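*Asks:* Protein sequences, first through last, are from chains A and B.
Heads up: the first sequence runs through residues 362 to 725, numbered per the numbering used here.
Heads up: the second sequence runs through residues 262 to 831, numbered per the numbering used here.
Don't be surprised by glycine CBs; every beta carbon is placed ideally from N, CA and C.
In this text, all values refer to a predicted model and were calculated from it rather than measured experimentally.
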Amino acid sequence: MEAVRIRLEQIHKTFLHRIKGEVAAVQNVSLEVEPGEFLTLLGPSGCGKTTTLRMIAGFERPDRGRIFIGEEDVTDLMANRRNIGFVFQNYALFPHLNVFENVAYGLKVQGKNTADIDREVAKVLELVGLTAYARQFPHQLSGGEQQRVALARAVVIEPRVLLFDEPLSNLDAKLRVYMRGEIRRLQKALAITAVYVTHDQEEAMAISDQIAVMNEGRIVQVGTAEELYLRPENAFVAQFIGRINALPAKVLTVADGTVTLSLFGRSFRLTAPPDGLAAGRTIQVFIRPEAVTLTRQAGSDLLRGVVVDRTFLGEKADYLLEMDGGRLSATAYDPLRHGTFAVGETVGVGIESGVIHILKEEEK
Amino acid sequence: MPDAVAALNPSDRLRRMFRDPLLLSILIILWALLALFIVYPLASLLIRTFTDEGRFSFAGVLGILADPMQRQALWNSLLLGTLVGLCGTVLGFLFAYTAVRTNLSKGWVFFLDAAVILPLISPPFTTAIAMIFSFGPRGLITYDLLGLTSVSVYGLPSTLFSETITFFPIAYLTLKAILAGIDPTVEDMAFSLGSSRRRVFRTVTLPLAVPGIANAFLLLFAASLADFATPLILAGNSFPVLPTQAYLQITGMFDLKGGAVLSFVLLVPAFAVFLLQRFWVSRKYYVMITGKAGAKTEIKSVRPWMRHLLLAVCLLISVSILYFYVLLFYASIVKAFGADFTITWKHYHVVFTEGLQAIRDTLIIAGIGMPLGGIYSVVVGYVICKKDFVSRRTMEIVSMINYSLPGTIVGIAYLLVFNDPPLMLAGTAVIIIACYVFRYGPTGIRTTVAILQQIDPSIEEASSSLGANSGTTFRRITLPLILPAFFAGLGVVFIRSMTAISATIFLISINWTLITVRILEKMTELELGVAAAFSILVVLIVFVVIGAISLFLRLFRQPGAPDMANILGG
Numbered sequence: 362m363e364a365v366r367i368r369l370e371q372i373h374k375t376f377l378h379r380i381k382g383e384v385a386a387v388q389n390v391s392l393e394v395e396p397g398e399f400l401t402l403l404g405p406s407g408c409g410k411t412t413t414l415r416m417i418a419g420f421e422r423p424d425r426g427r428i429f430i431g432e433e434d435v436t437d438l439m440a441n442r443r444n445i446g447f448v449f450q451n452y453a454l455f456p457h458l459n460v461f462e463n464v465a466y467g468l469k470v471q472g473k474n475t476a477d478i479d480r481e482v483a484k485v486l487e488l489v490g491l492t493a494y495a496r497q498f499p500h501q502l503s504g505g506e507q508q509r510v511a512l513a514r515a516v517v518i519e520p521r522v523l524l525f526d527e528p529l530s531n532l533d534a535k536l537r538v539y540m541r542g543e544i545r546r547l548q549k550a551l552a553i554t555a556v557y558v559t560h561d562q563e564e565a566m567a568i569s570d571q572i573a574v575m576n577e578g579r580i581v582q583v584g585t586a587e588e589l590y591l592r593p594e595n596a597f598v599a600q601f602i603g604r605i606n607a608l609p610a611k612v613l614t615v616a617d618g619t620v621t622l623s624l625f626g627r628s629f630r631l632t633a634p635p636d637g638l639a640a641g642r643t644i645q646v647f648i649r650p651e652a653v654t655l656t657r658q659a660g661s662d663l664l665r666g667v668v669v670d671r672t673f674l675g676e677k678a679d680y681l682l683e684m685d686g687g688r689l690s691a692t693a694y695d696p697l698r699h700g701t702f703a704v705g706e707t708v709g710v711g712i713e714s715g716v717i718h719i720l721k722e723e724e725k
Numbered sequence: 262m263p264d265a266v267a268a269l270n271p272s273d274r275l276r277r278m279f280r281d282p283l284l285l286s287i288l289i290i291l292w293a294l295l296a297l298f299i300v301y302p303l304a305s306l307l308i309r310t311f312t313d314e315g316r317f318s319f320a321g322v323l324g325i326l327a328d329p330m331q332r333q334a335l336w337n338s339l340l341l342g343t344l345v346g347l348c349g350t351v352l353g354f355l356f357a358y359t360a361v362r363t364n365l366s367k368g369w370v371f372f373l374d375a376a377v378i379l380p381l382i383s384p385p386f387t388t389a390i391a392m393i394f395s396f397g398p399r400g401l402i403t404y405d406l407l408g409l410t411s412v413s414v415y416g417l418p419s420t421l422f423s424e425t426i427t428f429f430p431i432a433y434l435t436l437k438a439i440l441a442g443i444d445p446t447v448e449d450m451a452f453s454l455g456s457s458r459r460r461v462f463r464t465v466t467l468p469l470a471v472p473g474i475a476n477a478f479l480l481l482f483a484a485s486l487a488d489f490a491t492p493l494i495l496a497g498n499s500f501p502v503l504p505t506q507a508y509l510q511i512t513g514m515f516d517l518k519g520g521a522v523l524s525f526v527l528l529v530p531a532f533a534v535f536l537l538q539r540f541w542v543s544r545k546y547y548v549m550i551t552g553k554a555g556a557k558t559e560i561k562s563v564r565p566w567m568r569h570l571l572l573a574v575c576l577l578i579s580v581s582i583l584y585f586y587v588l589l590f591y592a593s594i595v596k597a598f599g600a601d602f603t604i605t606w607k608h609y610h611v612v613f614t615e616g617l618q619a620i621r622d623t624l625i626i627a628g629i630g631m632p633l634g635g636i637y638s639v640v641v642g643y644v645i646c647k648k649d650f651v652s653r654r655t656m657e658i659v660s661m662i663n664y665s666l667p668g669t670i671v672g673i674a675y676l677l678v679f680n681d682p683p684l685m686l687a688g689t690a691v692i693i694i695a696c697y698v699f700r701y702g703p704t705g706i707r708t709t710v711a712i713l714q715q716i717d718p719s720i721e722e723a724s725s726s727l728g729a730n731s732g733t734t735f736r737r738i739t740l741p742l743i744l745p746a747f748f749a750g751l752g753v754v755f756i757r758s759m760t761a762i763s764a765t766i767f768l769i770s771i772n773w774t775l776i777t778v779r780i781l782e783k784m785t786e787l788e789l790g791v792a793a794a795f796s797i798l799v800v801l802i803v804f805v806v807i808g809a810i811s812l813f814l815r816l817f818r819q820p821g822a823p824d825m826a827n828i829l830g831g
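1. Could you tell me whether any Cβ in chain B is nearer than 8 Å to the Cβ of residue 457 of chain A?
2. Under DSSP, the alpha helix (DSSP H) around residue 358 of chain B begins and ends at which residues?
3. Using beta carbons (cut-off 8 Å, strictly below), is residue 807 of chain B in contact with chain A?
4. Out of B/432, B/342 and B/391, which has the shortest C-alpha to C-alpha gap to residue 417 of chain B?
5. Helix, strand or coil: how does DSSP classify residue 519 of chain A here?
6. Does the beta carbon of residue 790 of chain B sit closer than 8 Å to a beta carbon anywhere in chain A?
7. For chain B, check one thing: does any of its Cβ atoms lie closer than 8 Å to the Cβ of residue 440 of chain A?
8. Mapping the DSSP letters down to three states, classify residue 719 of chain A as helix, strand or coil.
9. Measuring alpha carbon to alpha carbon, tell me which residue in A/445, A/471 and A/486 is nearest residue 733 of chain B.
10. Measuring straight from C-alpha to C-alpha, what distance separates residue 424 of chain B and residue 459 of chain A?
11. Which chain A residues are close to residue 730 of chain B, counting only those with a beta carbon under 8 Å from its beta carbon?
12. State the CB to CB distance for the pair residue 725 of chain B and residue 416 of chain A, rounded to an integer number of angstroms; the pair is presumed to be in contact (CB under 8 Å).
13. How would you label residue 725 of chain A, buried or exposed, when you count the other beta carbons within 10 angstroms and need 16 or more for buried?
14. Taking the CB atoms as reference points, tell me whether residue 645 of chain A and residue 709 of chain A lie closer together than 8 Å.
15. My assumption, with CB atoms under 8 Å, is that residue 705 of chain B sits in contact with residue 746 of chain B. Please give the rounded CB distance.
16. Tell me the DSSP secondary structure of residue 385 of chain A in three-state form.
17. If you draw a straight line from the alpha carbon of residue 622 of chain A to that of residue 635 of chain A, how long is it in whole angstroms?
18. Does the Cβ-Cβ distance between residue 568 of chain A and residue 523 of chain A come in under 8 Å?
19. Can a CB atom of chain B be found closer than 8 Å to the CB of residue 471 of chain A?
20. DSSP state of residue 471 of chain A, grouped into three classes?
21. So, does the CB of residue 329 of chain B fall closer than 8 Å to a CB anywhere in chain A?
22. Do residue 686 of chain B and residue 748 of chain B have their CB atoms nearer than 8 Å?
23. Examine chain A for any beta-carbon lying closer than 8 Å to the beta-carbon of residue 686 of chain B, and answer yes or no.
24. Below 8 Å between beta carbons: does that hold for residue 647 of chain A and residue 723 of chain B?
25. What residues in the region 654 to 669 of chain B have a beta carbon less than 8 Å from any beta carbon of chain A?
26. What are the uninterrupted segments assigned as alpha helix (DSSP H) that are 4 or more residues long and contained completely in the region 534 to 586 of chain A, given in chain order?
27. Any Cβ of chain A within less than 8 Å of the Cβ of residue 374 of chain B?
28. Going straight from the alpha carbon of residue 691 of chain A to that of residue 721 of chain A, what length do you get?
29. Taking Cβ positions only, does residue 340 of chain B come closer than 8 Å to chain A?
30. Mind the definition here: the region 295 to 314 of chain B touches the region 434 to 453 of chain B only if three or more C-beta pairs lie below 8 Å; say whether that holds.
31. Run through DSSP, which three-state label would residue 491 of chain B get?
32. Quick one: which chain A residues come within Cβ less than 7 Å of residue 733 of chain B?
33. Find the residues of chain B that neighbour residue 418 of chain A, judging by a C-beta separation of less than 7 Å, and give them in chain order.
34. Which residues in the same chain as residue 336 of chain B place their Cβ atom closer than 7 Å to its Cβ, once the five residues preceding and following it in sequence are excluded?
35. Between residue 505 of chain A and residue 670 of chain A, what straight-line distance do the alpha-carbon atoms span, to the nearest angstrom?
36. Give the straight-line distance between the Cα atoms of residue 816 of chain B and residue 809 of chain B, rounded to the nearest whole angstrom.
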């Protein structure tokens, strides 16, 4: 089957909350998922990502806006008419049916004959490695196995799109990493458009072609993992994807595509800043902890900081530094080779102009 | 976010009801039935109680309260209820604690369960008859063993004893569930903080079980208050209680109004218990918040000697219960218990000749009531749990009324309204069946609701995402999942049809009679052997049916489906 595009046009959904009254769960969300693409809706709990997914599936109806799967406007179609595969957070396996019957359910509903059903279910069970479990019941399976049944059940009906609602959140850490690889492999093998919901940014970055970051019912940025990490467009994305220092800096001069900033008492010259910066204004700049370099020899060209806290994590160590004019988080990799710094130690702090990020938002 | 969805506002709900004609017609039928068989009889009873020659009046109630004999009956009922509540709860707690907190082997737990279940499935007179065989003027213990001749078995002590044995299983099942729900790691925590076993019991286990204990007490109080059969046999003239007084008022003096008023007096404490349970106890339950289930811990609540002591006490009581049943069986196969111990089958001969009509009628009524009760429970449970409609809460409460009321009240209320045209149903099988369905269906309703609440909405959504429409989803997913509730509703209606008497004794006629009523008649005619034989027969039939239903429930591989024992306790 040809992979299809999913398109959301200005969709909006309000719920009536018992205590808070009307809550806009999703506000004017527009989104395009290219055919065969794996897109993740990423955001903190309550940001509207699950509601958005459930509207694509047809479990909720948007108050406003249209939803297209392929060229078809499915806004008014019930879930059972949309030809989707949905994988639930709690798997939602039918407890009274065994693995085979669970997977065969969708095919039976389509009215396929027994021979076809047997063949297609067997094929899918082999794909997810559960052939030996066909006669087992859901409660006899481990979490990871249940997850794979849910996956098999969703793909066996050859849906136009695959939708995942935090499918890995009930698994332990190792299995989660393994299963996300499996899901990605399956999606690629089937060349099917997929929308995936998670609050785990690492999971999102590992699995997706594109990530749509959501906050308070809106999509705040769409991009690849790299784009979101390197070029966050707003403070929310900057702080949600990875860890980041948000620091106040004073604009000294703006001229010919460069800007000079004052930070920790030093001046930094940045090229290609966003438009609209004015000399004299204080703006927020962002620096990733891992972009800061720490050295023992504090040369005169380096900033100085005192280590106030240290967390040793094996392949890296996180430091909190007291600088002249504020605190700074820094991460040093490979402590085996470079050694670690002790709390109370004064260290040299290297910040290159290239790692200082100014948000486009600062355009005023 | 979906869990934040609140109910629709009433006008939206009303509009939606009219868009779903199937639901609307089901609701209309249900409300018509509930109005006819629950609201209307109860309302008539109240009207009859509070009117005098067409005008509102307290004269009836005041007249009863002025009568010292009836006042005594009210007092006795409350006293008996309280005592049975206390004794039964203590006994039930003892059994429950022993069963779930002393690391008993599966075999022992099964034995305790089996001994405890016997009184639950027996016709109401069984322990009363066995009491007479044991402690009566010619009793096995009083006369044959101790040589006493002038003891009277009738009165408060024997009634209390008999009712406690009959009803404590309800407390056992309630408390067993509560105690089993207390995570042993919570006790471990208290141990780790330096508490002794006794202190842990006093400061952790017992406080957590308090809501369950309160609930068990209320259930037993209500059961005793409503019990008609035991006092009728054992209370005697010196210890009148309300249900028997109401019965005698109607059958002895043909005073329907007096009976109605007496049963209203009974209704007040029964209703108080209902309210306490619904709005107080149910809110007091603690929810065990223990996060993710950790490693299973060994239960260390009691010391070994304590464990043996508890087990010994439970065994003693279980053996006494079994002794009662053996005695009952023995009495059914000897010529005249207490006088002539020659083995004979003549009592069974009577049962299968003269008693055949009662057996046939009972089985027909139970057989028809059974599927109706099952369907009624599942339909009501489904709509009140899954559908959003105007009057949903009201329907939930109304459907429980006949279940919560003492049988005597229901029986008298039915007698009041179904004795005259246009609803001349008294004397027909219809009215007896209706009585059972609406009185015992609620157990199935509650099972349906409990199961449906366990089914995550995403299961139905999963079916929908796989292309199934709502009809297919209901047929293939929801219905199979609530099938155990159907069997539960069906089973309870059958068992109670075989064993109940308090309501239906007012509804039998020449054309339709019941085994339980025949047992009562044989008791009053002092044909105790025949009464015993009837009782044994009922116990056997019920056993077979419960066995069949349990087997069915097991075949329908439902994780989390209730087993038959728990259903009986509810």
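*Replies:* Concretely, from the data shown:
1. Cβ-Cβ to chain B under 8 Å: yes for residue 457 of chain A.
2. It spans 329 to 362 - the alpha helix (DSSP H) in which residue 358 of chain B sits, taken as one unbroken run.
3. With 8 Å as the cut-off, residue 807 of chain B does not count as an interface residue toward chain A.
4. For residue 417 of chain B, the closest of B/432, B/342 and B/391 by C-alpha to C-alpha distance is B/342.
5. Residue 519 of chain A falls in the coil class under three-state DSSP.
6. So, not an interface residue.
7. For residue 440 of chain A, the closest Cβ of chain B is nearer than 8 Å.
8. Of the three classes helix, strand and coil, the one that applies to residue 719 of chain A here is strand, per DSSP.
9. Considering only alpha carbons, the answer is A/471.
10. Between residue 424 of chain B and residue 459 of chain A, the alpha-carbon positions lie close to 46 Å from each other.
11. Correct list: 439 and 441.
12. Contact flag wrong, Cβ pair sits at about 14 Å.
13. Below a pLDDT of 50, predicted positions are generally treated as unreliable, and residue 725 of chain A, at 41, falls in that range; the measurement from the model is reported next regardless. Residue environment for residue 725 of chain A: exposed (fewer than 16 other C-beta atoms within 10 angstroms of its C-beta).
14. No, they are not a contact pair.
15. Right, the Cβ-Cβ distance comes to about 6 Å (below 8 Å), so this counts as a contact.
16. Residue 385 of chain A: strand per DSSP, three-state reduction.
17. Inter-residue distance for residue 622 of chain A and residue 635 of chain A is about 13 Å (C-alpha atoms, whole angstroms).
18. No, these two residues do not count as a Cβ contact at 8 Å.
19. Closer than 8 Å to the CB of residue 471 of chain A there is at least one CB belonging to chain B.
20. Residue 471 of chain A falls in the coil class under three-state DSSP.
21. It does not; no Cβ of chain A falls within 8 Å.
22. Taking 8 Å as the Cβ cut-off, residue 686 of chain B and residue 748 of chain B do not qualify as a contacting pair.
23. No, because no Cβ of chain A sits closer than 8 Å to the Cβ of residue 686 of chain B.
24. Result no, Cβ atoms of residue 647 of chain A and residue 723 of chain B do not sit closer than 8 Å.
25. Within the region 654 to 669 of chain B, no residue qualifies.
26. Whole alpha helix (DSSP H) segments, 4+ residues: 534 to 551 and 562 to 568.
27. Contact with chain A is absent for residue 374 of chain B, since none of that chain's Cβ atoms lies less than 8 Å from the residue's Cβ.
28. Cα to Cα, the separation comes out at about 24 Å.
29. Under the 8 Å criterion on CB atoms, residue 340 of chain B is classed as non-interfacial with respect to chain A.
30. Contact between the region 295 to 314 of chain B and the region 434 to 453 of chain B is absent, because fewer than three Cβ pairs lie under 8 Å.
31. Assigned with DSSP and collapsed to three states, residue 491 of chain B falls in helix.
32. Near residue 733 of chain B (Cβ distances below 7 Å), the residues of chain A are 470.
33. In chain order: 726.
34. Within the same chain, no Cβ atom closer than 7 Å to the Cβ of residue 336 of chain B is found once the five residues on either side in sequence are excluded.
35. The C-alpha of residue 670 of chain A is placed about 39 Å away from the C-alpha of residue 505 of chain A.
36. For residue 816 of chain B and residue 809 of chain B, the distance between alpha carbons rounds to 11 Å.
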